[in-house]
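Numbering (our numbering), first residue to last: 181 to 423. Worksheet: the structure to be examined is printed underneath.
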Ligand code: GLP
């Protein structure tokens, strides 16, 4: 795992942007594994600006999302379908027919078929404060493909901030499995803020265990972890932080 550490979050996202522009321009038909949550938003804003400045095109890009809530409709203001459309897709030239987001339990087979025929070149990941990736909660099998999950209470309370109340936060989701995530050729993980520090230290320095799903990334040969000082504060190694 390569670790890039920053004092300044803007510089962190600027560097992730450079990596993305490079990868997309080198392979205009790239299959991007996309993520939701607050972590990817500054990257998506930068990608939109770069597109508007003519530095990158998504015309031939395929976007495949990690996960989706179950129990809210696609037009709900907090569905990941809606998130992707509003935070990224509607602002760029991606062909919506080349975007895939899991929908519900009935769509699992179809979504898995997409994963099996579109190898992800570059997978973006945030990390849950409990170490989840996608919606693979602690205890998820490392051998899992796309499946339905019961959301951890920790995840529901973390995500309550996006809804009007905890009651409105769905109890279930559908997510790409850990086995699917590990199939990606390259993985970029971004973690910022104090509330991610415990999960980040266990992901990097802890044992590889299904109780901390992100720890499985230690086994992938091409993971690039971008962290700020707060998220990295519990790491054991001596790290020099870039500005
Ligand atoms: C969400 C998503 C994950 C995301 C994580 C962290 O619930 N399912 O893909 O990485 O939790 O979210 P945030 O970036 O808002 O901290």
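We treat Cβ as the ideally placed atom computed from N, Cα and C, and that holds for glycine.
- Taken in chain order, the unbroken stretches of beta strand (DSSP E) that lie wholly in the segment 328-405 and span 3 residues or more are 352-355, 366-371.
- For the pair residue 388 and residue 396, the CB atoms are nearer than the 9 Å cut-off.
- Around the beta carbon of residue 376, 16 or more other beta carbons lie within 10 angstroms, which makes this residue buried.
- The DSSP assignment places 221-232 as complete runs of the alpha helix (DSSP H) inside the segment 203-252, in order along the chain (cut-off: 4 residues).
- Counted as a single uninterrupted DSSP element, the alpha helix (DSSP H) harbouring residue 265 occupies residues 260-267.
- Assignment of residue 415 by DSSP, reduced to helix, strand and coil, places it in the coil class.
- With 6 Å as the limit between CB and the heavy atoms of the ligand GLP, the residues that fall short of it are 215, 216, 217, 218, 219, 246, 247, 306, 307, 308, 314, 315, 335, 339.
- The beta carbon of residue 231 sits closer than 6 Å to the beta carbons of 272 from its chain, once the five residues preceding and following it are set aside; these are given in chain order.
- Around residue 369, the same chain offers 305, 405 as residues with beta carbons nearer than 6 Å, after the five sequence neighbours per side are excluded.
- Three or more Cβ pairs drawn from the segment 282-290 and the segment 323-341 lie within less than 8 Å of each other, which places the two stretches in contact.
- Under the 10 Å beta carbon count, residue 321 is surrounded by fewer than 16 other beta carbons and is classified as exposed.
- About 17 Å separates the Cβ atoms of residue 247 and residue 371, ruling out a contact at the 8 Å cut-off.
- The count of Cβ pairs closer than 8 Å, one atom from the segment 266-281 and one from the segment 361-368, stays below three, leaving the stretches out of contact.
- In terms of Cβ geometry, residue 412 and residue 380 form a close pair [threshold 9 Å].
- The residue from 187, 349, 255 with its alpha-carbon nearest to that of residue 332 is 349.
- For residue 295, there is no enclosing beta strand (DSSP E); the enclosing alpha helix (DSSP H) covers residues 288-297.
- The beta carbon of residue 251 lies closer than 8 Å to those of 350, 351, 352 in the same chain, with the five residues before and after it left out.
- Only residues of its own chain outside the window of five on either side were considered, and among them 210, 236 have a CB closer than 6 Å to the CB of residue 204, listed in chain order.
- With contacts defined as CB atoms closer than 9 Å, residue 303 and residue 212 qualify as a contacting pair.
- Annotated as proximal: residue 382 and residue 311, with beta-carbon spacing under 9 Å.
- In this structure residue 317 is buried. Its beta-carbon is surrounded by 16 or more other beta-carbon atoms within 10 angstroms.
- Residue 367 sits away from residue 183, with the two beta carbons spaced by 9 Å or more.
- Rounded to the nearest whole angstrom, the C-alpha separation of residue 414 and residue 336 is 24 Å.
- Between residue 223 and residue 193, the CB-CB gap stays under 9 Å.
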